[in-house]
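S.K.: Just so it is clear: in the sequence shown, position 98 is 98 by UniProt numbering, and no numbers are missing.
First the structure, which I've put down as structure tokens, then a few questions once you've had a look.
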Amino acid sequence: AGPAGLSCALGLSQCCRQVHIIEKHPVFEKAGSTFGIFENGLKALSEVAHLSKDDTRQKMLNKGVSIPNGVMVLWWHMRDVILQLVMQKKNIQVYTGETWTSITENEEGVKIQCENGLTIQADLLVGADGVNSSIRSYLELSPPISANSRSARGTLEVPATASPRLRALLEEDYPTIKRW
Numbered sequence: 001a002g003p004a005g006l007s008c009a010l011g012l013s014q015c016c017r018q019v020h021i022i023e024k025h026p027v028f029e030k031a032g033s034t035f036g037i038f039e040n041g042l043k044a045l046s047e048v049a050h051l052s053k054d055d056t057r058q059k060m061l062n063k064g065v066s067i068p069n070g071v072m073v074l075w076w077h078m079r080d081v082i083l084q085l086v087m088q089k090k091n092i093q094v095y096t097g098e099t100w101t102s103i104t105e106n107e108e109g110v111k112i113q114c115e116n117g118l119t120i121q122a123d124l125l126v127g128a129d130g131v132n133s134s135i136r137s138y139l140e141l142s143p144p145i146s147a148n149s150r151s152a153r154g155t156l157e158v159p160a161t162a163s164p165r166l167r168a169l170l171e172e173d174y175p176t177i178k179r180w
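Printed below as a string of structure tokens:
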């Protein structure tokens, strides 16, 4: 479950009796790179989370760094902040380590069956499962279109035992991450 799916679940929880999240991974891993959340993103997140924009900014700043007009955080820190908000909702159920095996439309909506025996009957199915979406394939929608653009990015953890020169260089350059 990534930020988009978790944010969607938060939004749906405001108008739906029950929201289910099916996550194929057994645990939420540290993956991804840095992520910039600008003012409009903070505003949108504050609305679905029922927090003030200042509280939302502070939650992100607790894990990230302030940049002009926003906050820069590690992808999984942002995901974890949203996941924490999701876990506080009584009407959102998160299933981990589950892989769907069939989706059937019926009079009540849609029935999702998973490998481990989990069956969910729902009114709506949202496929927020990334660019290589299995839901997209199941629905026989067109595949993603490449923009023929590539970007190399990542994160680097610098151990406390790293040379002071390297640590100073990284600390000096960290604010310039906004150049991305």
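Quick reminder that beta carbons are idealized off the backbone N, C-alpha and C, glycines included.
Quick one: is LEU85 buried, meaning 16 or more other Cβ sit within 10 Å of its Cβ, or exposed?
M.R.: buried
S.K.: For LEU83, tell me which candidate among ALA160, SER7, ASN69, PRO144 has the shortest Cα-Cα distance.
M.R.: SER7
S.K.: My understanding is that THR101 touches GLU23, with C-beta atoms under 8 Å, so please give their C-beta distance in whole angstroms.
M.R.: Not a contact, Cβ separation roughly 15 Å.
S.K.: Quick one: Cα of LEU139 to Cα of ALA9, how far?
M.R.: 21 Å
S.K.: Determine the extent of the alpha helix (DSSP H) in which ALA9 is found, giving its start and end residues.
M.R.: It spans 3-13 - the alpha helix (DSSP H) in which ALA9 sits, taken as one unbroken run.
S.K.: Along the beta strand (DSSP E) that carries SER66, what are the first and last residues, could you check?
M.R.: 65-67
S.K.: Classify ASN40 as helix, strand or coil using the three-state DSSP reduction.
M.R.: helix
S.K.: Excluding five sequence neighbours on each side, which residues of the same chain lie with their C-beta closer than 7 Å to the C-beta of LEU12?
M.R.: VAL19
S.K.: Within 10 Å of its beta-carbon, does ARG150 have 16 or more other beta-carbons around it, so buried, or fewer, so exposed?
M.R.: Exposed, because fewer than 16 other Cβ atoms sit within 10 Å of the Cβ of ARG150.
S.K.: What is the rounded straight-line gap between the Cα of ASP80 and the Cα of PRO143?
M.R.: 29 Å
S.K.: Pick helix, strand or coil for VAL81, following the three-state DSSP scheme.
M.R.: Three-state DSSP puts VAL81 in a helix.
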